[in-house]
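Asker: Got a structure here, written out as structure tokens. Questions coming.
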Amino acid sequence: MLKTALEGKIKLKDIQAEVLSCRPIQGNGIVVKTKTPEMVEKLKTTIMNDLTLRDKCQVYITKPRVPHIIIFDIPPQDGDQAAHDNNFILQLKESNELTDQEIKVVFKKKGRGSLQNWILAMQPKNYQEIKDKKRLRCGFNSYRFKEFLEPLRCFGCYRFGHLKRNCRETKPTCTKCTANHDPKGCTKPHPICRNCVLYNKSTNLKVRADHMSNSNLCPMYFREIEFIAKHTIYG
């Protein structure tokens with residue numbers, strides 16, 4: 001197992017690196033999250049300098065994240081969605097006097113009623129132009145928006161970092177007690193959060209775990225948001 005091989009060869013204390021999480025992905029790979037970008041470079045250098053590890057794995061460092069925003073309550077359109085998306089972005093740039101740097105639709109979520117919420121990624125310069133506005137103009141319309149820092153979360157096992165369709169666990173996890181059953185039939189009197197319990201076990205800390213695993217008041221949820229913000233380039 002790759003994680004075991006890394007743990008057997010690398011002493012994180014010796015290279016002054018702190019790993020926040022390590023999770024498996026498809027293709028027998030792992031994603032390692034460190035406290036700072038500099039620690040990622042140290043880890044990569046250590047792996048590449050070890051002949052045994054270098055033969056076993058390749059290291060890829062993800063690109064820094066650009067700012068994301070969520071625009072609320074956009075009416076859906078029939079027809080060519082790519083053309084509709086491109087026209088919306090063009091109007092957004094013109095109406096708000098933004099530069100011609102790339103703005104792209106990352107994905108769309110259900111909004112109020114039949115409306116949609118769009119998540120856009122944009123370059124730091126454009127984000128700085130709009131971040132203090134309350135609404136974004138787009139042609140004859142204007143829309144509410146805010147920065148989007150929502151962590152990727154699985155609604156099967158309720159861990160962070162992947163979606164339900166990519167989850168390796170075959171049974172659902174109860175959001176109230178972390179056992180493998182549907183939460184609707186849970187008889188436990190008090191909730192306990194799976195993510196906080198696992199974090200406490202791995203760090204010997206004692207963050208509060210007396211809440212549902214899908215709670216947006218979870219300390220681990222806020223920790224994920226802080227990590228995303230810290231690794232976003234704002235300019």
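The sequence shown: position 229 = 229 (full-length UniProt numbering), numbered continuously. In this text, a Cβ means the ideal position worked out from N, Cα and C, and glycines have one as well. As the structure is a prediction and not an experimental result, all values here were calculated from the model.
If we count the other Cβ atoms within 10 Å of its Cβ and call it buried at 16 or more, is P67 buried or exposed?
Answerer: Position 67 of the sequence shown, counted from the start, is the residue given in the question as residue 67. Flag for P67 reads buried.
Asker: How about I71 and Y143: are their beta carbons less than 8 angstroms apart?
Answerer: For the purposes of this step, residue 71 is taken as residue 71 along the sequence shown, with counting starting at 1. For the purposes of this step, residue 143 is taken as residue 143 along the sequence shown, with counting starting at 1. Yes, the pair counts as a contact, with Cβ atoms nearer than the cut-off.
Asker: Can you find at least 3 beta carbon pairs, one from the stretch 149-157 and one from the stretch 86-103, that sit closer than 8 angstroms?
Answerer: Contact between the stretch 149-157 and the stretch 86-103 is absent, because fewer than three Cβ pairs lie under 8 angstroms.
Asker: T170: which of Q58, K176, C154, K42 sits nearest, CA to CA?
Answerer: Taking the sequence shown and counting its residues from 1, one reaches residue 170 at position 170. The shortest C-alpha separation from T170 is found at C154.
Asker: Using CA atoms only, rank isn't needed, just tell me which of R159, V105, L92 is closest to R137.
Answerer: For this step, residue 137 is matched to residue 137 along the sequence shown. The residue with the shortest Cα to Cα distance from R137 is L92.
Asker: M1: buried (16+ other C-beta within 10 angstroms of its C-beta) or exposed?
Answerer: Within the sequence shown, numbered from 1, the residue matching residue 1 stands at position 1. Classification of M1: exposed, given that the 10 Å Cβ count is below 16.
Asker: Can you tell which of L90, Q77, P37 has the C-alpha that lies nearest to the C-alpha of Q116?
Answerer: In the sequence shown, counting from the first residue as 1, residue 116 sits at position 116. Among L90, Q77, P37, the Cα nearest to that of Q116 is on Q77.
Asker: Please say whether I25 and K3 have beta carbons closer to each other than 8 angstroms?
Answerer: Position 3 of the sequence shown holds residue 3. Position 25 of the sequence shown holds residue 25. Result no, Cβ atoms of K3 and I25 do not sit closer than 8 angstroms.
Asker: Let me confirm a value: residue 242 is counted as buried when at least 16 other C-beta atoms fall within 10 Å, else exposed. Which label applies?
Answerer: Shown here, the chain extends from 1 to 235; a query on residue 242 therefore has no answer.
Asker: Does DSSP put N200 in a helix, in a strand, or in coil?
Answerer: Numbered from its first residue, the sequence shown carries residue 200 at position 200. Three-state DSSP puts N200 in a helix.
Asker: Taking the beta strand (DSSP E) that D132 belongs to, which residues open and close that run?
Answerer: Walking along the sequence shown from the start, residue 132 turns up at place 132. That residue, D132, is in no beta strand (DSSP E); it is neither H nor E in DSSP.
Asker: Below 7 angstroms CB to CB, which residues in the same chain sit around D55 once its five sequence neighbours on both sides are set aside?
Answerer: Residue 55 sits at position 55 when you count from the first residue of the sequence shown. Contacts found: none.
Asker: To the nearest angstrom, how far is it from the Cα of Q123 to the Cα of G139?
Answerer: Stepping through the sequence shown from its first residue, residue 123 is reached at position 123. Stepping through the sequence shown from its first residue, residue 139 is reached at position 139. Their backbone Cα atoms lie some 21 angstroms apart in a straight line.
Asker: Starting from I30, trace the beta strand (DSSP E) in both directions and tell me its first and last residue.
Answerer: Within the sequence shown, residue 30 is the residue found at index 30, counting from 1. Here the beta strand (DSSP E) through I30 covers 29-34.
Asker: According to DSSP, is F140 part of a helix, a strand, or is it coil?
Answerer: Numbered from 1 along the sequence shown, position 140 holds the residue referred to as residue 140. Residue state, collapsed to three classes: coil.
Asker: Taking the alpha carbon of E133 as the reference point, which residue from G111, I69, V106 has its own alpha carbon closest?
Answerer: For the purposes of this step, residue 133 is identified with residue 133 of the sequence shown, where counting begins at 1. Before going further, note that residue 133 is Lys rather than Glu in the sequence given. Measuring from the Cα of K133, the nearest candidate turns out to be I69.
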